[in-house]
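*Asks:* Mind looking over this structure? Questions follow.
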Amino acid sequence: MRICVFGAASPTIDKKYIEATEELCQQLAKRGHNLVFGGGGNGLMGAAARGFRDGGAHIIGVIPKFFEQESVEEICDFCDELIMPDTMRQRKQIMEDHADAFVVVPGGIGTYEEFFEILTSKQLCRHRKPIALYNISGYYNELDATMQSAIDKEFIKDVCKQLYLITEDVDKLIDYVESPPELLYTLKEFKNG
Ligand code: AMP
1316 MRICVFGAAS
1326 PTIDKKYIEA
1336 TEELCQQLAK
1346 RGHNLVFGGG
1356 GNGLMGAAAR
1366 GFRDGGAHII
1376 GVIPKFFEQE
1386 SVEEICDFCD
1396 ELIMPDTMRQ
1406 RKQIMEDHAD
1416 AFVVVPGGIG
1426 TYEEFFEILT
1436 SKQLCRHRKP
1446 IALYNISGYY
1456 NELDATMQSA
1466 IDKEFIKDVC
1476 KQLYLITEDV
1486 DKLIDYVESP
1496 PELLYTLKEF
1506 KNG
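Here the sequence shown is numbered in the working numbering, starting from 1316 and rising by one per residue.
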């Protein structure tokens, strides 16, 4: 499978996030999976790329041209393919089109945006690809609680819990990505239910 990893660009995060991401990604690569990601060389993007590289995977980075032109970011220098679209929107579309599954490691605004965009389109049955959040050191506990609160207040439908997995357990995450449960509703049922 080609796995799209979303994650932090920040180079100053705690080492525990870097190490856990590298280890997970190396395991994914050893199971024969390949990487598509945002092309950054720092933070958890860099960690994901190193993990997949060390596990022998094929790596596709997708980074808008202005990152290079304006020296915004250190670009990962060992991608097998580097795709350079004009805009951030095109980049997300390319990453989504290339991916069979999404793994979201801890991140900031960019990562949250990427997560919610693919979650929104899955909610509307535009794709059925697995989405797994890797909850390193409980990073996504607050997000989990926020989602539950919105479900309790009926802003989000309860069935939406089927759309993604949040876990700190690597085996569970890999299992979910490789054999996701079937999505148990159609768009019509979702809208009327
Ligand atoms: P953030 O979570 O705000 O650090 O943003 C990281 C996510 O957004 C990654 O998954 C990238 O696809 C995208 N992104 C945002 N900023 C950058 C950057 N400086 N370099 C590469 N990708 C970035």
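Note that beta-carbon positions come from the ideal geometry of N, C-alpha and C, so glycine has one too. If you're wondering where the values come from, they're calculated on a predicted model, not measured in any experiment.
1. The ligand AMP and F1417: does the residue's C-beta get closer than 7 Å to at least one heavy atom of that ligand?
2. Going by the beta-carbon positions, is the gap between L1498 and Q1477 smaller than 8 Å?
3. Could you check where the beta strand (DSSP E) with T1402 kicks off and where it finishes?
4. Mind checking who E1396 pairs with in its DSSP beta bridge?
5. Would you mind reading off the limits of the beta strand (DSSP E) that contains T1482?
6. Which two residues bound the contiguous beta strand (DSSP E) that contains A1447?
7. Could you tell me whether any non-hydrogen atom of the ligand AMP is closer than 7 Å to the CB of K1323?
8. For L1339, count the other beta carbons within 10 Å of its own beta carbon; 16 or more makes it buried, fewer makes it exposed. Which is it?
9. Is the segment 1452 to 1464 in contact with the segment 1398 to 1416, if contact means three or more CB pairs nearer than 8 Å?
10. Do I1375 and E1396 have their beta-carbon atoms positioned less than 8 Å apart in this structure?
11. Should R1365 be labelled buried (16 or more other beta-carbon atoms within 10 Å of its own) or exposed?
*Replies:* Quick look at the numbers:
1. The sequence position of residue 1417 within the sequence shown is 102, counting from 1. Because no heavy atom of the ligand AMP lies under 7 Å away, the Cβ of F1417 does not count as near it: no.
2. The residue given as residue 1498 occupies position 183 in the sequence shown. The residue given as residue 1477 occupies position 162 in the sequence shown. Contact flag set, yes.
3. In the sequence shown, the residue the question calls residue 1402 occupies position 87. Looking at the DSSP string, T1402 is not in any beta strand (DSSP E), and its letter there is neither H nor E.
4. Looking up residue 1396 in the sequence shown gives position 81. Its beta-bridge partners are I1375.
5. Position 167 of the sequence shown holds residue 1482. Its beta strand (DSSP E) spans residues 1480 to 1482.
6. In the sequence shown, the residue the question calls residue 1447 occupies position 132. 1446 to 1449 is the span of the beta strand (DSSP E), which, as asked, contains A1447.
7. As a first step, residue 1323 must be located in the sequence shown, where it is residue number 8. A small correction: the amino acid at residue 1323 is Ala; Lys does not occupy that position in the sequence shown. Because some heavy atom of the ligand AMP lies under 7 Å away, the Cβ of A1323 counts as near it: yes.
8. Translated into the one-based positions of the sequence shown, residue 1339 becomes position 24. Around the CB of L1339, 16 or more other CB atoms lie within 10 Å, so the residue is classed as buried.
9. At 8 Å Cβ cutoff, the stretches do not touch.
10. Working through the sequence shown from its first residue, we reach residue 1396 at position 81. Working through the sequence shown from its first residue, we reach residue 1375 at position 60. Yes, the pair counts as a contact, with Cβ atoms nearer than the cut-off.
11. Taking the first residue of the sequence shown as 1, we reach residue 1365 at position 50. The residue is buried, with at least 16 neighbouring Cβ atoms inside 10 Å.
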